[in-house]
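One structure is given below, encoded as structure tokens.
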């Protein structure tokens, strides 16, 4: 390994780190509501690559959704709980991911910001890398 300065070392470190799938993520505890009325505790992570639902027991990825497949988000508040529905294109018909979370508004805004950035600066929705 050659000699290099502090700035170059930092740059190399960040170039390695940014390849990590969870780099720059915001994390949210959610409960996925499945069609069979089963509820599964998950960790939702959001970064420039898209949405990732990880299982809480082993942190393995259950679902990955690139922003190019996110059609819309819908926050729903009832007397008993708050939910966030995420409509996903790419399936025929589109699928809806049902999540119970206290952070529905924050998650929806964050997804909207990534979609806006993708459209505004790249002329298209962000693609997974």
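In full-length UniProt numbering, the protein residues as written are 1 to 129.
For each residue, glycine too, the CB sits at the ideal point set by N, CA and C.
- DSSP places residue 12 within a helical segment (H, G or I) once states are collapsed to three.
- The region 23-33 makes contact with the region 98-110; the number of CB pairs closer than 8 Å reaches 3 or more.
- Fewer than three beta-carbon pairs drawn from the region 79-87 and the region 3-17 are found closer than 8 Å, and the two stretches are therefore not classed as touching.
- As a beta-bridge residue in DSSP terms, residue 29 pairs with 43.
- Take the alpha-carbon of residue 89 and the one of residue 3: they are about 49 Å apart.
- Boundaries of the beta strand (DSSP E) around residue 64: 61-65.
- Remark: C-beta atoms of residue 54 and residue 24 do not approach each other more closely than 8 Å.
- Taking C-beta separations shorter than 6 Å and ignoring five residues to either side along the sequence, the partners of residue 42 in its chain run 30, 32 and 53, following chain order.
- The alpha-carbon of residue 21 is positioned some 25 Å away from that of residue 34.
- About 18 Å separates the beta carbons of residue 75 and residue 94, which is beyond the 8 Å limit, so they are not a contact pair.
- In the structure shown, the three-state DSSP call for residue 119 is helix.
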